[in-house]
Structure formats: structure tokens, C-alpha cells
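Here is the structure we will look at, set down as C-alpha cells.
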Amino acid sequence: MSSLKDYNQESPINHLMARHWDKVEIKEVAEALLNAVKQNQLTDYVVADSWHKEKVLEYFKAFAGQELRYKNTDFTLFYQVEAADDYNDLRGQLLLTFQTDRMEYRVLLGMARLGDADCVRWQIYDVLWQDAGVSIVDVPLVQLEDPQSGEEICVLVTNHGDIRLRLFPQQAPLAVANWRSMVKDGFYDGSLFARIIKEFVIQGGALDESGDEALSSYGGYFADEVCQGLYHFNGAVALGNHGPHTNGNQFFIVQNTKVNEEQLLKLSLPRNVETAYLENGGLPELDGRYTVFGQVYEGMDVVVNIAGQVTDAKDAPLEPVVIQRIFFEKIS
């Protein structure tokens with residue numbers, strides 16, 4: 003008769019919230035685990051009688067000998083089970099995020115706190131889910147470069163001052179072509195920044211639910227161009243939408259000077275993108291959801307001034323913020 007145990011068959015008798023010191027403890031365990039993986043010495047970190055012990059060892063074997071960097075741990079479940087004593091009654095599902103020199107990995111681990119009065123430790127009883135890894139290799143940050151001689155840029159003239167934008171037709175050809183067409187047709191002339199949230203965005207285009215939100219040079223909503231090497235850094239210009247592939251004429255400019263570092267722990271970003279967010283600010287939580295097609299390179303003081311206007315309960319400024327006109331010019 004097998005002496006192995008399937009810990010996945012245990013039923014919770016009480017769901018708990020991990021305390022701060024539980025999180026500190028499991029972080030220390032995870033950091034030590036990754037060091038043990040490098041040394042191929044996992045015995046102390048795997049439940050000896052787990053039915054899934056070999057699966058756990060096989061998963062981590064692929065990383066043996068590599069330099070592994072701890073990034074984050076997060077209990078997705080934390081609970082009690084029936085046990086012979088209180089030393090052996092805690093379980094958790096732990097999402098571990100770690101990095102090699104080129105990739106970031108996430109693995110969901112079944113964890114059991116086991117031991118006695120002399121020693122209690124968290125150990126792995128199963129690998130419940132794993133990803134194939136996400137590249138964190140540095141990428142070109144064309145968005146943060148200065149405009150080049152001969153480049154055509156866009157100027158938004160507002161009643162608070164001028165805002166100058168770079169556009170990125172290679173990364174977002176549909177969005178840039180639509181913007182150029184709508185601007186040249188005068189669509190935005192005399193329109194408003196109708197939604198303003200300080201340390202978030204200023205937003206323009208059709209926001210009145212009149213049905214005009216779908217107006218575009220394509221005759222209606224058009225497709226997203228996300229994950230194309232552009233990010234929601236402070237000053238990014240992006241299309242507003244109502245869900246996938248509902249781009250029209252709504253747009254917003256990011257105005258957020260500080261990034262929540264806890265959010266960055268939950269994202270898989272190229273290393274230089276993460277650094278750029280920390281240095282410049284922005285809204286990384288919007289990446290992959292909205293089409294970025296431009297970047298403010300001059301006039302962020304105007305954006306900040308607009309974002310600081312007094313608003314009503316619907317985030318509309320009490321004093322109109324007007325886009326008087328938009329035009330294009332070439333950098334000499």
C-alpha cells in the first residue's frame with residue numbers, strides 16, 4: 003500500500019488571510035528555495051510523502067545551475083485543514099514569480115506548513131500551474147527618444163497652452179492614419195478635454211454617449227494595435243475604447259508621475275521598460291488593453307495644468323478645457 007499522500011484531496015475547514023509575517027516568512031522560504039534550485043538541493047523544500055513529489059522535482063530541475071532572481075510571492079489561497087496537531091494544519095496556494103537573465107516565470111505551488119515543536123517549515127507538495135515564461139530582455143524605447151530632424155510631429159493647441167506629440171506609424175499604423183485623417187478634417191477643433199483625472203489621464207474625443215464615439219476614418223470602430231513596443235508611460239497618447247477593437251476617435255494622454263511598485267511586481271515587463279516606468283511614471287496596468295500611438299515630448303507642464311483643473315462628480319472640468327486646433331509640422 004502506498005505511503006504517499008495526495009494533499010490536493012484535503013478539504014479546507016477554514017479559510018484564512020495571510021498575515022504580514024506569514025508573507026515575510028514565505029518570501030524568505032521562496033528566496034532560499036531558488037538558491038537551492040541553483041544548487042540542485044531541493045530535499046528540504048519538497049514534502050517527502052507527497053503524491054506529486056516527482057512532478058515538483060522535475061519542474062525545478064529545468065532551472066538547476068541557473069542564477070535565479072526572486073521577484074514576488076502571493077498567496078492565492080491560505081487555509082486550514084484537519085490535522086493531528088496545529089503544527090501541520092496550514093496549506094496555501096502560492097504564486098511564485100522569479101526570473102532568469104532573459105525570462106520571467108510564474109508557477110503556482112501547493113504549499114503545506116509541516117513540522118513539530120522543534121521545527122515548522124513551508125514545503126511544496128505540488129506544481130498546480132506553470133507558464134512557459136515571458137521575455138524580459140530589453141526592448142527599444144523609441145517612445146522616449148527625441149524627435150529627429152525632418153520628422154512630422156503633431157501640435158495640440160489648447161486654451162491652456164500647446165502640447166507637442168510624436169506619432170508612431172510603424173507600431174500603430176491604423177491609429178496614426180486615423181488620427182491624421184480626423185485631425186486634417188478638423189474633427190477635434192473646438193472640442194473639449196471632457197474627462198480629467200489628476201495623476202491618471204486627460205481624455206478627449208466623443209465622450210457624450212451620443213454614438214459619435216465610433217466615428218473614424220474607417221467608417222466605424224477599428225482594430226486594436228496593442229503590445230507593439232509602446233507603453234503607457236507618463237505622456238503617452240492612446241485611444242480610448244469600450245472593449246477589444248472598439249477604437250474610434252476617443253483618446254487620452256497619460257498624466258501619472260508615480261508608478262505603484264506593487265503593481266510592477268504583478269507584471270512581466272522588459273527590464274528597461276520597468277526601469278522607465280519607475281523613472282518617468284505612467285500607468286502600466288493599461289498595457290495590453292489600449293492602443294498607444296503617440297507620446298508628448300514637449301508641453302507636459304500643460305498636461306499637468308489641465309489635469310489639475312477642478313472637476314465635478316463625473317470628472318468633467320468646471321471650466322472648459324478646449325482643444326482649439328491641431329496641426330502638423332516638421333522638425334527642422
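Throughout the sequence shown, residue numbering follows the numbering used here, covering 3 to 334 in sequence.
Here a beta-carbon is modelled for each residue, glycine too, at the ideal position from N, C-alpha and C.
Model, not experiment: these values are computed from the prediction.
- Message: Given this structure, state the Cα-to-Cα distance separating residue 133 from residue 90, to the nearest angstrom.
- Response: As a first step, residue 133 is located in the sequence shown; it is residue number 131 there, counting from the start. As a first step, residue 90 is located in the sequence shown; it is residue number 88 there, counting from the start. Rounded to whole angstroms, residue 133 to residue 90 spans 29 Å at the Cα level.
- What first and last residue would you give for the beta strand (DSSP E) that runs through residue 332? Against the sequence shown, residue 332 aligns to sequence position 330. Going by DSSP, residue 332 is part of the beta strand (DSSP E) stretching over 324-332.
- Message: Mapping the DSSP letters down to three states, classify residue 227 as helix, strand or coil.
- Response: Looking up residue 227 in the sequence shown gives position 225. Coil, per DSSP.
- Coarse secondary structure for residue 149, derived from DSSP in three states: Position 147 of the sequence shown holds residue 149. Reduced to three states, the DSSP call for residue 149 is coil.
- Query: Given that a residue counts as buried once 16 or more other Cβ atoms are within 10 Å of its Cβ, and exposed if not, what is residue 312?
  - Reply: Position 310 of the sequence shown, counted from the first residue, corresponds to residue 312. The Cβ neighbour count for residue 312, taken over all protein chains shown within 10 Å, is under 16; the residue is labelled exposed.
- Item | Euclidean distance between Cα positions of residue 295 and residue 302 | Start at 1 with the first residue of the sequence shown, and residue 295 comes out as number 293. Start at 1 with the first residue of the sequence shown, and residue 302 comes out as number 300. Each residue's alpha carbon lies about 17 Å from the other.
- Task: Below 7 Å CB to CB, which residues in the same chain sit around residue 216 once its five sequence neighbours on both sides are set aside?
- Result: Within the sequence shown, the letter at position 214 stands for residue 216. The beta carbon of residue 216 sits closer than 7 Å to those of 222, 223 and 250, all from its chain and outside the five residues before and after it, given in chain order.
- Query: Quick one: Cα of residue 103 to Cα of residue 329, how far?
  - Reply: Position 101 of the sequence shown, counted from the start, is the residue given in the question as residue 103. Position 327 of the sequence shown, counted from the start, is the residue given in the question as residue 329. Counting only the Cα atoms, residue 329 lies some 45 Å from residue 103.
- Within 8 Å, strictly: CB atoms of residue 148 and residue 233: Walking along the sequence shown from the start, residue 148 turns up at place 146. Walking along the sequence shown from the start, residue 233 turns up at place 231. No.
- Message: Output needed for residue 28: all residues of its chain with C-beta closer than 8 Å, excluding positions within five of it in sequence on either side, in chain order.
- Response: In the sequence shown, counting from the first residue as 1, residue 28 sits at position 26. Within the same chain, residue 28 has close Cβ partners 20, 75, 77, 94, 96, 113 and 124.
- Query: If residue 80 and residue 18 are in contact, beta carbons under 8 Å, what's the gap, nearest whole angstrom?
  - Reply: Your numbering for residue 80 matches position 78 in the sequence shown. Your numbering for residue 18 matches position 16 in the sequence shown. By a beta-carbon distance limit of 8 Å, residue 80 contacts residue 18. Their separation comes to about 5 Å.
- Which value, in whole angstroms, describes the spacing of the CA atoms of residue 32 and residue 111? Here residue 32 refers to the residue found at position 30 when the sequence shown is read from its first residue. Here residue 111 refers to the residue found at position 109 when the sequence shown is read from its first residue. Rounded to the nearest whole angstrom, the C-alpha separation of residue 32 and residue 111 is 11 Å.
- Inter-residue spacing [alpha-carbon to alpha-carbon] between residue 200 and residue 122: Locating residue 200 in the sequence shown gives position 198, counting from the first residue. Locating residue 122 in the sequence shown gives position 120, counting from the first residue. For the pair residue 200 and residue 122, the Cα-to-Cα distance works out to about 48 Å.
- Is the region 262-281 close to the region 161-169, with three or more CB pairs under 8 Å? Per the Cβ contact rule, the region 262-281 is not in contact with the region 161-169 (fewer than 3 Cβ pairs under 8 Å).
- Message: Count Cβ pairs between the region 317-325 and the region 145-163 that sit closer than 8 Å; are there 3 or more?
- Response: Yes, they touch.
- Item | Residue environment, residue 154, which counts as buried when at least 16 other CB atoms sit within 10 Å | As a working note, residue 154 is residue 152 in the sequence shown. Classification for residue 154: exposed.
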